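Note sheet for the following structure.
Numbering (the numbering used here), first residue to last: 115 to 269.
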């Protein structure tokens, strides 16, 4: 049986610094045969060093990734666009070819870490979001290659 061509998926977040980068990293690591993953932001804040650290703890190196804006990927036609933050939903532009759109909400570990009582507690937020994103990515092929119904996914 021939495998279908990998679906091109774009993960969008506000600044392409943390959640969308983790989603791209997990997808490339776990689903590279089924999904060609990209990430971008409404703006580009730069790669979050704590996101890099917690992903490396889980065996995924995203240290060479760079923060990109949606416009930086203008040449790529996507099969699916997945927003991972509320701000990204509100500001996400239309894409050529009308790709399927999904939303998977993940809390912002950067914001959560700011109110943490210490560095260890701050890291717990990043690790929890990292693990939630992994769980979402593990089910992603079924969402993409299965039914076309449902626009919002709550991991």
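Glycine residues also receive a C-beta, built at the ideal position from the N, C-alpha and C atoms.
Values in this document were obtained by computation on a predicted structure and should not be read as measured data.
- Pairing residue 193 with residue 123 gives a Cβ-Cβ distance under 8 angstroms.
- Between residue 133 and the set 247, 172, 232, the nearest pair of CA atoms involves 247.
- Counting C-beta atoms within 10 angstroms of its own C-beta, residue 138 has 16 or more neighbours from the protein chains shown and is therefore classed as buried.
- Per DSSP, residue 224 lies in no beta strand (DSSP E); the unbroken alpha helix (DSSP H) holding it starts and ends at 223-228.
- Three or more beta-carbon pairs drawn from the stretch 160-175 and the stretch 231-248 are found closer than 8 angstroms, and the two stretches are therefore classed as touching.
- Secondary structure of residue 190 (DSSP, three-state): coil.
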